[in-house]
Amino acid sequence: MHRFETANWKWTLWAGVAVTLLSFFPQLLMWGSRGAQWNGSYAELHGDEWVYSAYVQALIDGRPRRNDPYTGRDDRANNLQPESLFSIQFFPAYVIAIPARLLGISSSTAFIGLGVLAPFFAYLAIFWLIANVIQDRSLAVGGAVIVLCFGALAAGEGLIHLLISGDNYAFLPFLRRYEPVVPFPLFFVFCALVWKALNDRRFRFLWAVAAGLVLDLLIFSYFFIWTTALAWLACIALLWFVAYPGKLRRDFMPFLTILLLAGTALVPYAVLLSRRSVIMDAGQKLTLSHAPDLLRMPELIGLATVALIVFGVLRRRLNWRAPEILFAVSCALTPLIVFNQQVITGRSLQPFHYGWFIANYLALVGLVLGTVIVWRGPESERRPMRYRWVGRMAFIAIWWAAIEVLAPTVVELLLRMPSVAFTRS
């Protein structure tokens with residue numbers, strides 16, 4: 179038994195290392211191509227990273243939270259600055275800036291370190307979530323790899339998008355520094371904590387408090403992640419109370435605890451938002467619309483997952499009230515909510531961010547869980563898992579991600595052009 183557990187953890191760590199190496203490849207390539215002339219630069223994976231790097235460097239240099247990385251202006255008594263996306267979503271920036279300042283390193287060096295730590299923690303967070311729901315670490319290893327490596331494909335981006343349209347190439351989109359890569363693991367930690375709060379009667383209150391505190395951090399991290407977290411929480415709560423109306427009184431407390439803690443963050447968040455620049459909404463392309471948006475790739479994946487589970491229920495292979503089924507369905511339905519909330523609110527804010535950075539990964543989590551649940555069948559006659567097939571799928575996922583990472587690099591090297599943009603703060 180001890181040997182099996184040790185081997186299990188080895189596979190867990192090796193899978194995390196594989197995802198990390200894939201994520202870090204552009205930096206390794208830059209070091210190889212520039213040699214001693216790399217000058218402390220980091221390999222830029224996304225066009226917005228330079229401005230995030232500039233903001234973090236300002237904090238490292240001791241400048242105030244309200245500083246403008248575009249103009250260089252700082253908040254001063256005689257020259258007050260409005261709140262911006264950077265100053266409102268300050269948590270990830272300080273997570274990077276405080277250790278960097280203590281270690282005496284620049285934002286560029288900190289971003290290099292983030293390229294190693296962030297993907298590994300993202301993998302561990304998704305692994306922990308899946309392992310808690312399906313109670314199988316081996317499946318969780320493969321599931322976490324599949325979710326991260328197929329993220330671009332699930333967003334309708336990456337290699338497939340390149341072959342179809344020839345532009346907007348993106349691989350492993352969650353890696354954009356520092357948004358969303360810093361709060362990205364926290365989202366899945368939040369989901370796992372909510373699961374614990376609903377299923378662990380002994381420590382229910384503690385898990386709910388932990389979930390609420392993590393949600394508070396997400397609120398001051400990235401708009402598209404914390405709104406997805408709230409949408410998912412509303413979805414799982416609705417499904418839970420429909421499935422267990424007789425347990426409403428017992429199960430209401432974890433949700434109430436989380437919402438009360440979220441309120442302690444939403445109030446100051448609203449205050450900061452009210453002090454934002456008058457041109458911020460225009461700059462972020464806030465649009466007024468009630469039109470539904472039903473054909474995004476994460477939505478289609480979610481609908482496929484729901485159809486798969488409904489098929490299992492109709493075949494009487496599944497009990498739709500099982501907690502793991504409710505969880506999988508909530509992950510599958512949340513993309514529909516975030517892409518169509520404007521039907522009610524009338525406001526839409528660059529919804530493609532949901533598709534690139536979070537809804538695609540959540541839909542894949544739902545698909546992984548739904549597939550495992552349907553394959554296993556009823557509790558009384560649970561079909562044994564074929565771990566070889568899971569391993570093969572994880573292997574294919576790693577190779578797919580490797581092709582997406584390597585493809586633009588190889589093409590540009592053949593054309594004798596820089597493979598990535600190099601930025602120094």
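For the sequence shown, the working numbering gives the first residue as 179, with consecutive numbering after it. Note that the Cβ used here is the ideal one computed from N, Cα and C, for glycine as well.
Is the CB-CB distance between F269 and L395 below 8 Å?
-> Yes, the Cβ-Cβ distance between F269 and L395 is below 8 Å.
How about V387 and V367: are their beta carbons less than 8 Å apart?
-> no
How long is the line joining the alpha carbons of V543 and I308, rounded to whole angstroms?
-> 8 Å
Report the partner residues of L527 according to the DSSP bridge assignment.
-> BP columns for L527 point to L464.
In chain order, which beta strand (DSSP E) runs of at least 3 residues are fully inside the region 378-431?
-> none
Beta carbon of G329 nearer than 8 Å to that of P351 = Against a cut-off of 8 Å, the Cβ pair of P351 and G329 comes out as a contact.
Since I believe G390 is in contact with A332 (beta carbons under 8 Å), could you give me their beta-carbon distance rounded to a whole number of angstroms?
-> About 29 Å separates the CB atoms of A332 and G390; that is not less than 8 Å, and the two are not in contact.
Can at least three beta-carbon pairs, one atom from the region 507-522 and one from the region 408-422, be found at a separation below 8 Å?
-> yes
If we count the other Cβ atoms within 10 Å of its Cβ and call it buried at 16 or more, is T198 buried or exposed?
-> Classification of T198: buried, given that the 10 Å Cβ count is 16 or more.
From Q520, L481, P476 and V420, residue whose alpha carbon lies closest to that of L464 | Q520
Going by CA-CA distance only, name the one from L472, L540, L207 and V550 that's closest to R315.
-> Considering only alpha carbons, the answer is V550.
Run through the region 186-219 for me and flag every whole alpha helix (DSSP H) of 4 or more residues, listed as ranges in chain order.
-> Scanning the region 186-219 for uninterrupted alpha helix (DSSP H) segments of 4 residues or longer gives nothing; none is fully contained.
Inside the region 280-359 only - alpha helix (DSSP H) runs reaching at least 4 residues | Listed in chain order, the alpha helix (DSSP H) runs fully inside the region 280-359 are 285-312, 315-327, 329-332 and 336-343, counting runs of at least 4 residues.
Taking buried to mean at least 16 other C-beta atoms within 10 Å of its own C-beta, is P363 buried or exposed?
-> buried
In this structure, what does DSSP give as the bridge partners for N245?
-> Its beta-bridge partners are D252.
From the DSSP output, in three-state form, read off R454 for me.
-> strand
Taking only the alpha-carbon atoms, compute the straight-line gap between P529 and F517 and give it to the nearest angstrom.
-> Cα to Cα, P529 sits roughly 6 Å from F517.
Quick one: measure Cβ to Cβ for T406 and L540, integer angstroms, because I've assumed they're closer than 8 Å.
-> 7 Å
Are the CB atoms of A580 and L200 nearer to each other than 8 Å?
-> A contact, by the Cβ cut-off of 8 Å.
Roughly how many whole angstroms lie between the Cα atoms of Y422 and A296?
-> 37 Å
Report yes or no: is there a C-beta of chain B within less than 8 Å of the C-beta of A370?
-> Of the chains in the structure shown, none is chain B; there is only one protein chain.
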